[in-house]
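Heads up: the sequence shown at position 64 corresponds to 137 in the numbering used here, and the numbers run straight through without jumps.
Glycine included, C-beta positions come from ideal geometry on N, C-alpha and C.
Values in this document were obtained by computation on a predicted structure and should not be read as measured data.
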Amino acid sequence: MNEEVSILGLAEIRRNRGVSLEQIAQSTKIGVRSLEAIERGDFGKLPGGIYNTNYIRQYARAIDYDEAALLAYYHRQTSPGANAAATGEKQAVGGLRTAPTLFGS
74 MNEEVSILGL AEIRRNRGVS LEQIAQSTKI GVRSLEAIER GDFGKLPGGI YNTNYIRQYA
134 RAIDYDEAAL LAYYHRQTSP GANAAATGEK QAVGGLRTAP TLFGS
């Protein structure tokens with residue numbers, strides 16, 4: 074679970090606005106699992122590519138949240154090197170791990 078998204082309190086904001094995940098899923102045609110993943114900041118559970126940003130935009134609109142802020146957070150979390158910065162790993166060009174890291178050396 075991503076702590077910053079929890080701090081953003083997306084699920085709480087949604088509940089305070091009286092909107093259920095099922096209502097959002099019905100209006101956006103986005104599965105409840107994907108909506109839950111957005112609320113948790115578990116972006117790896119989303120289908121990928123342009124779908125991710127589209128899902129995040131639609132979710133933000135559905136709960137009347139600043140979509141630019143949520144997308145900026147998403148991009149920070151998924152940019153090459155974001156995980157390396159958190160774990161102290163070194164990254165090569167394009168976000169690929171160096172060979173020694175890849176092979177456990």
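Around the beta carbon of G114, 16 or more other beta carbons sit within 10 angstroms, so the residue counts as buried.
Where S100 is concerned, the enclosing alpha helix (DSSP H) starts and stops at L94 to T101. Between I136 and Y147, the CB-CB gap reaches or exceeds 7 Å. E112 is a Cβ neighbour of L83, given a cutoff of 7 Å.
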